[in-house]
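Working notes, structure below.
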Amino acid sequence: MAKIMMCGNEVIGEAAVHAGCTFYSGYPITPQNELTQYMASRMTESGGTFIQAESELAAINMVFGAAAAGARAMTSSSSPGISLKQEGISYLAACQLPAVIVNMMRGGPGLGNIAPSQADYFQATRGGGHGDYRTIVLAPSAVEEAWHLTHLAFDLADEYRNPVLILGDGILGQMMEPIEVVRKHLHGKMANHDMRHKPWALTGCKGRKPNVIRSLYLGEGELEELNRLLQMKYSMVKSKEVRFESLYTEDSDLVVVAYGTTSRIVRSAISKARQERLHVGMLRPVTLWPFPEAELQKLANKARAFLVVEMSAGQMVDDVKLSVLGKKPIHFYGRAGGGIPTEAALLDIIRDILRPRSRNRVRV
Amino acid sequence: MKKVFERPRSLRNVPTHYCAGCGHSLAHRLICEVIDELGIREDTIAVCPVGCAVIAYEYWDFDCSEAAHGRTPCVATGIKRVHPDKIVFSYQGDGDLAAIGTAEIIHTANRGENITVIFINNGVYGMTNGQMAPTTLIGQRTSTTPQGRDVLRDGYPLKITELLAQLPGSRYVERVSVDTPSNVIKAKAAIKKAFRNQIEKKGFSLVEVLSPCPTYWGLSPKDACLRISGEMVKDFPLGVIKDA
Ligand SMILES: Cc1ncc(C[n+]2csc(CCOP(=O)(O)OP(=O)(O)O)c2C)c(N)n1
């Protein structure tokens, strides 16, 4: 095993190829350009398809076609581009097509800036486009983890026939970290993903009845039935696919909830706080949807309080509230618009919650 | 006795929802006849539009995909790149192809994507109640041009097919009509050529079909056909626009 330095964007690209992705289309936007560029050369080398689309709308709809045709397909973008992709994501979910969509979030709303942000949480976890649907959302916090979660994303997409989002930010996408991979896997030819397990795919109707990929249901009660089936699928995902990491939660008076890049800053603040004998721990959701509700409910019986830290004005805090159900106080600290929480600021807040003084605190 | 006429194998034996005199049902039939004659039914994948033909897959007996409004050529592109040896065609109205999906069709043609596009130009948005389309004629009354299309307010009829013919990526572009029996025969020949081009991997081919919409033109089926030859062909002349 050798360790190699790669940035998060490239690692996701390589992992996708390795997972059998044979189709990528995208449109440039910072801070995810390394991924589009990586796919441009890797798809060509490995015999897959790369298309630089004329827009994010085109890119996601090409992915729709490729997914309908049975391929493992991926696209990537950053916040403003993901807003455009929402049309296609809603159609993918409705047609129950598997696809992987990467969002390396940047500051918004609008054109915003290109600094790291986590302000697309609502958009990612609530569906984002029109209609009653959900996407599975995976949030890596390190380059190595991005490798594993990209593989998982393709598997979950196929298993549930549902779009899966990988939600990161500019830091994860662009920072380089050593990653341990079997060297021969890198830059090799990908395993051709087997399409035989997709009997619903459009491959020409030789020897079978024609397949139709559709989301239009005009007959009385038909669409309601589709929605019922979709909701059943989502319940299954909720019961089987929750993933999280806990740090010191067994003896924590205060549980910090954070994901992705923010969780790394929280982690180092916590290790400083532990040196001061402060009983603080962290729960890091790896799946943002489904959200680790049950785990938080359990922790709500033990911990004294929760602190949610996000690079947003407070979006995940809603999910934490819904999980803790008013049992314990929930504090929030967030930086929006590309600001990054510092370890010192977090340490101050942790101290303040656990050793209350007269200072005003943010509480939600 | 010799059988001279029958339902194409690719066309399901079901009643359609189209209005009397609508050109969609004719165009559907021609496509199916061509697919049968070329023997490609089991290799064909269609991308159906949003618009009156939204449930074309209820009538076509081969693999079909839906697409979001105007994104039809992107979905076709995705399918074709995954299955380069299958025959992929998109079927689009003038709202789909010349309004919301203008960018998509231009870039698909410009990439020289080896697909076939059947473009139904009825000069209105049929499905949503007969509003103005980019192809609506000057002076034509629609539900959003109640006084007639006014150039100062609404701009000019968009000759998207001529525009596409300018692109080096487009291989074959022809405008046909289904208003008279002889034009129907020509339309079928053009559609056949567009499919054959794809089989021969010649690249992007598009057939624009001038198609009557009696309901939203406020005319009888017969008068709607007469309107095509009398008015519509002045702005949208029939014939091969490009055959490179
Ligand atoms: C994003 C989006 N916008 C609007 C619509 C509503 N809509 C459905 S069909 C249509 C017009 C279709 O016109 P055309 O493509 O000319 O086909 P026709 O109905 O005339 O055959 C519109 C605007 C939609 N389905 N999706």
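Quick note, the sequences are listed as chains F and D, same order.
With my numbering as the guide, the letters of the first sequence map in order to residues 1271 to 1634.
With my numbering as the guide, the letters of the second sequence map in order to residues -11 to 232.
Built from N, CA and C at the ideal position, the CB exists for glycine as well.
Residue closest to residue i, alpha-carbon to alpha-carbon, out of the options
| i | options | result |
| --- | --- | --- |
| His57/D | Asp73/D, Gly39/D, Thr65/D | Gly39/D |
| Ala1573/F | Ser1505/F, Met1552/F, Leu1499/F | Met1552/F |
| Ala1570/F | Ser1593/F, Leu1548/F, Gly1584/F | Ser1593/F |
| Pro1433/F | Ala1369/F, Arg1484/F, Met1375/F, Ile1483/F | Ala1369/F |
| Ala1389/F | Ile1610/F, Ile1623/F, Leu1616/F, Leu1566/F | Ile1610/F |
| Leu1437/F | His1421/F, Ile1406/F, Thr1519/F | Ile1406/F |
| Gly1278/F | Thr1473/F, Arg1312/F, Ala1416/F | Ala1416/F |
| Ala1583/F | Gln1501/F, Leu1419/F, Gly1377/F | Gly1377/F |
| Gly11/D | Phe224/D, Pro202/D, Pro225/D, Met115/D | Pro202/D |
| Leu1486/F | Gly1608/F, Gln1366/F, Gly1340/F, Phe1293/F | Gln1366/F |
| Lys210/D | Gly191/D, Pro169/D, Leu226/D, Lys180/D | Pro169/D |
| Val1550/F | Ala1409/F, Val1590/F, Arg1621/F | Arg1621/F |
| Ser1533/F | Pro1555/F, Ser1295/F, Ser1522/F | Pro1555/F |
| Ala44/D | Pro1480/F, Ser1349/F, Leu1493/F | Pro1480/F |
| Ala153/D | Pro72/D, Asp231/D, Lys74/D | Asp231/D |
| Leu194/D | Ile93/D, Val42/D, Glu(-6)/D, Pro225/D | Ile93/D |
| Leu1524/F | Arg1544/F, Leu1595/F, Val1482/F, Ser1509/F | Arg1544/F |
| His71/D | Thr1319/F, Ala1606/F, Asn1497/F | Thr1319/F |
| Thr96/D | Gly9/D, Lys68/D, Gly83/D | Lys68/D |
| Asn171/D | Glu30/D, Gly27/D, Pro(-4)/D, Val221/D | Val221/D |
For residue i, three-class secondary structure by DSSP
| i | result |
| --- | --- |
| Thr1532/F | helix |
| Leu207/D | coil |
| Gln128/D | coil |
| Glu219/D | helix |
| Gly1440/F | helix |
| Gln1322/F | strand |
| Pro169/D | helix |
| Lys1468/F | coil |
| Asp51/D | strand |
| Pro1448/F | strand |
| Asp1425/F | helix |
| Met1375/F | strand |
| Leu1500/F | helix |
| Arg141/D | helix |
| Thr237/D | Beyond the ends of chain D as shown, which are -11 and 232, falls residue 237/D; an answer cannot be given. |
| Arg69/D | helix |
| Tyr1361/F | helix |
| Ala1570/F | helix |
| Glu150/D | helix |
| Glu1315/F | helix |
| Gln135/D | coil |
Cβ neighbours of residue i in the same chain (closer than 6 Å, five flanking residues each side left out)
| i | result |
| --- | --- |
| Ser217/D | Asp167 |
| Gln1585/F | Tyr1391, Phe1392 |
| Glu1326/F | Tyr1297, Ser1347, Gly1351, Leu1354, Lys1355 |
| His1457/F | Summary for His1457/F: the model assigns pLDDT 49, below 50, so the residue's position carries little reliability, and this model does not support an answer. |
| Ile1619/F | Tyr1603 |
| Gly100/D | Gly157, Gly191, Phe192 |
Own chain residues within Cβ distance below 8 Å of residue i, not counting five before or after
| i | result |
| --- | --- |
| Thr124/D | Gly111, Val112, Thr130, Thr133, Arg137, Asp142, Pro145 |
| Met1506/F | Tyr1430 |
| Thr1612/F | Ile1535 |
Cβ neighbours of residue i in the same chain (closer than 7 Å, five flanking residues each side left out)
| i | result |
| --- | --- |
| Thr4/D | Ser13, Tyr47 |
| Glu1565/F | Phe1514, Leu1553 |
| Leu207/D | Arg215 |
| Lys1598/F | Ala1570, Ala1573, Arg1574, Ala1575, Phe1576 |
| Glu1511/F | Ile1406, Leu1426, Thr1557, Pro1560 |
| Ser1522/F | His1549, Val1550, Gly1551, Ala1573 |
| Gly127/D | Gly136, Arg137 |
| Ala1269/F | Since the first residue of chain F shown is 1271 and the last is 1634, residue 1269/F is not available in this structure. |
Distance cut-off 7 Å: residue i Cβ against heavy atoms of ligand 2
| i | result |
| --- | --- |
| Pro202/D | The model depicted lacks ligand 2 and carries ligand 1 instead. |
If contact means a Cβ-Cβ distance below 7 Å, which residues of the stretch 1480 to 1495 of chain F contact chain D? If the cut-off is 7 Å between Cβ atoms, the stretch 1480 to 1495 of chain F has Pro1480, Asn1481, Val1482, Ile1483, Arg1484, Ser1485, Leu1486 near chain D.
Going along the stretch 47 to 62 of chain D in order, which residues come within less than 8 Å of chain F, judged by CB to CB distance? Listed by position along the chain: Trp48, Asp49, Phe50, Asp51, Cys52, Ser53, Glu54, Ala55, Ala56, Arg59, Cys62.
Taking a cut of 8 Å between CB atoms, which residues from the stretch 1354 to 1366 of chain F lie near chain D? Answer in chain order: Glu1357, Gly1358, Tyr1361, Cys1365.
When you check each C-beta in the stretch 60 to 85 of chain D against every C-beta of chain F, which residues fall closer than 7 Å? Here the close residues are Cys62, Val63, Ala64, Thr65, Gly66, Ile67, Arg69, Val70, His71, Lys74.
Determine which residues of the stretch 1330 to 1349 of chain F have a Cβ less than 9 Å from any Cβ of chain D, and write them out in chain order. Look at the stretch 1330 to 1349 of chain F: the residues with a C-beta under 9 Å from a C-beta of chain D are Ile1330, Asn1331, Met1332, Val1333, Phe1334, Gly1335, Ala1336, Ala1337, Ala1338, Ala1339, Gly1340, Ala1341, Ala1343.
According to a CB-to-CB cut-off of less than 8 Å, which residues of the stretch 1311 to 1328 of chain F neighbour chain D? Those residues of the stretch 1311 to 1328 of chain F that come within reach of chain D (Cβ to Cβ, closer than 8 Å) are Thr1319, Ile1321, Ala1323, Glu1324, Ser1325, Leu1327, Ala1328.
Any residues in the stretch 92 to 104 of chain D with a beta carbon nearer than 7 Å to a beta carbon of chain F? Which ones, in chain order? Within the stretch 92 to 104 of chain D, those residues whose Cβ lies closer than 7 Å to any Cβ of chain F are, in chain order, Glu92, His95.
Could you run through the stretch 24 to 35 of chain D and flag, in chain order, every residue whose CB is less than 8 Å away from some CB of chain F? So the close ones are Arg29, Glu30, Asp31, Thr32, Ile33, Val35.
For the stretch 1439 to 1452 of chain F, enumerate the residues whose C-beta is nearer than 9 Å to any C-beta of chain D, in chain order. The stretch 1439 to 1452 of chain F vs chain D, Cβ under 9 Å: nothing.
Residues from the stretch 146 to 166 of chain D in contact with chain F, defined by Cβ distance under 8 Å: Considering only beta carbons, no part of the stretch 146 to 166 of chain D lies closer than 8 Å to chain F.
Taking beta-carbon pairs under 7 Å, can you tell me which members of the stretch 1468 to 1480 of chain F lie near chain D? Within the stretch 1468 to 1480 of chain F, the residues whose Cβ lies closer than 7 Å to some Cβ of chain D are Leu1472, Thr1473, Gly1474, Cys1475, Lys1476, Pro1480, listed in chain order.
Mind checking the stretch 1288 to 1300 of chain F against chain D and listing, in chain order, the residues whose C-beta falls within less than 7 Å of any C-beta there? Listed by position, the residues of the stretch 1288 to 1300 of chain F near chain D (Cβ gap below 7 Å) are Phe1293.
Any C-beta of chain F within less than 7 Å: which residues of the stretch -6 to 25 of chain D qualify? Closer than 7 Å at the C-beta level to chain F, one finds no residue of the stretch -6 to 25 of chain D.
Chain F contacts from the stretch 105 to 117 of chain D (Cβ-Cβ distance under 9 Å): Listed by position, the residues of the stretch 105 to 117 of chain D near chain F (Cβ gap below 9 Å) amount to none.
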